[in-house]
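Here is the structure we will look at, set down as structure tokens.
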Ligand code: XMP
Ligand code: MG
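Numbering (UniProt numbering), first residue to last: 13 to 223.
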């Protein structure tokens, strides 16, 4: 691993070109979303479904902010990865889950995502829940909406922030599995990936990503 190329930058904090959303700004927005979701889902026994891995931090903050908590609320997770070759995504999204019709049929599902970008992931997950699992409804809470890059039209019901068209890390979001634990969201210095010979990472580029 290219730890040497980051010499002089000892921590993840040192790799940030700028912070887009601070910890306190994120926490305030998550509280607002939680209160709104609590109101909207009273009496609906929602199934809150985290899309792994990127949503883990938003998910755990958001579910605690769903107050007053609707009776019958339960949690589960689904793993989604997009595959591509080179820097072009094939558009194929693979789901890994043990969710079956028995667990989902008739439930009001709220998907929790870190970021909706092209919307290929969230569209694939929604279709699976509605068509194969018989969900009564599917809505999405995403922390970030990078709507400039849409390939499919999709409007999330709950959005934390509309995000500029830049590659972002932190608060669950990674670059090559790093930076997920940062409590804020920021943009990396170009030298953090220039050793790869690229200007900026492709979120759904080569190999397995998107989770
Ligand atoms: P789609 O294009 O399917 O993308 O809406 C969803 C997934 O792509 C990843 N993604 C990012 N990951 N920084 C990241 O760390 C980004 O700026 C970014 N943009 C998209 C993410 O995993 C998301 O779930
Ligand atoms: Mg993700």
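By construction, the Cβ of each residue, glycine as well, lies at the ideal position given by its N, Cα and C atoms.
(message) Which residue wins for smallest C-alpha separation from residue 51, given the options 80, 170, 133?
(response) With distances taken between Cα atoms, residue 51 lies closest to 80.
(request) Kindly list the residues whose CB is nearer than 7 Å to the CB of residue 184, restricted to its own chain and excluding five residues on each side of it in sequence; keep chain order. (result) Non-local C-beta neighbours of residue 184 in its own chain, meaning closer than 7 Å and more than five positions away in sequence, comprise 66, 67, 68, 69, 70, 126, 192, ordered along the chain.
(message) Give me the residue from 47, 21, 172 with the minimum Cα distance to residue 159.
(response) That would be 172, whose Cα lies nearest to the Cα of residue 159.
(request) Would you mind reading off the limits of the alpha helix (DSSP H) that contains residue 73? (result) From DSSP, the alpha helix (DSSP H) with residue 73 extends over 68-77.
(request) Could you tell me whether any non-hydrogen atom of the ligand XMP is closer than 8 Å to the CB of residue 163? (result) For the ligand XMP, at least one heavy atom lies less than 8 Å from the Cβ of residue 163.
(message) Can you list, in chain order, the residues of its chain with a C-beta nearer than 6 Å to that of residue 155? Leave out the 5 residues immediately preceding and following it.
(response) Hits under 6 Å: 70, 126, 172.
(message) Assuming contact is defined by CB atoms lying nearer than 9 Å, are residue 88 and residue 60 in contact in what I supplied?
(response) It is a contact, given that the beta carbons lie within the stated cut-off.
(message) Judging by CA-CA distance, which residue of 223, 169, 128, 31 is the nearest neighbour of residue 187?
(response) It is 223 whose Cα lies nearest to the Cα of residue 187.
(request) Give a single yes or no on whether residue 148 has its beta carbon closer than 8 Å to a heavy atom of the ligand XMP. (result) No, Cβ of residue 148 sits at least 8 Å from all heavy atoms of the ligand XMP.
(message) My output table needs one value for residue 144: the three-state DSSP class, helix, strand or coil.
(response) Per DSSP, reduced to three states, the secondary structure at residue 144 is helical.
(message) Quick check on DSSP: helix, strand or coil for residue 210?
(response) Looking at residue 210 - three-state DSSP - the assignment turns out to be coil, as it is neither helix nor strand.
(message) Between the alpha carbons of residue 74 and residue 42, how many angstroms are there, rounded?
(response) Distance between the alpha carbons of residue 74 and residue 42: 6 Å.
(request) Within the same chain, show all residues whose beta-carbon is closer than 6 Å to that of residue 53, passing over the 5 residues directly before and after it, in chain order. (result) Cβ neighbours of residue 53 within its own chain (closer than 6 Å, five residues either side excluded): 82.
(message) Taking only three categories from DSSP, how would you classify residue 43?
(response) Helix, per DSSP.
(request) Use the C-beta contact count for residue 170: other C-beta atoms within 10 angstroms, 16 or more gives buried, fewer gives exposed. (result) Classified as buried, residue 170 has 16 or more neighbouring CB atoms from the shown chains inside 10 Å of its CB.
(request) Return the chain-ordered list of same chain residues with a C-beta closer than 7 Å to the C-beta of residue 137, the five sequence neighbours on each side being excluded. (result) Here the set comprises 63, 90, 92, 107, 123.
(message) With DSSP as the reference, identify every bridge partner of residue 108, one or two as the case may be.
(response) In DSSP, residue 108 forms a bridge with 91.
(message) What I want to know is whether the C-beta of residue 265 ends up closer than 8 Å to one or more non-hydrogen atoms of the ligand XMP.
(response) In this structure the chain extends from 13 to 223, so residue 265 is not present and cannot be described.
(request) Report yes if the CB atom of residue 210 is closer than 9 Å to the CB atom of residue 31, and no otherwise. (result) Not in contact: residue 210 and residue 31 (Cβ atoms no closer than 9 Å).
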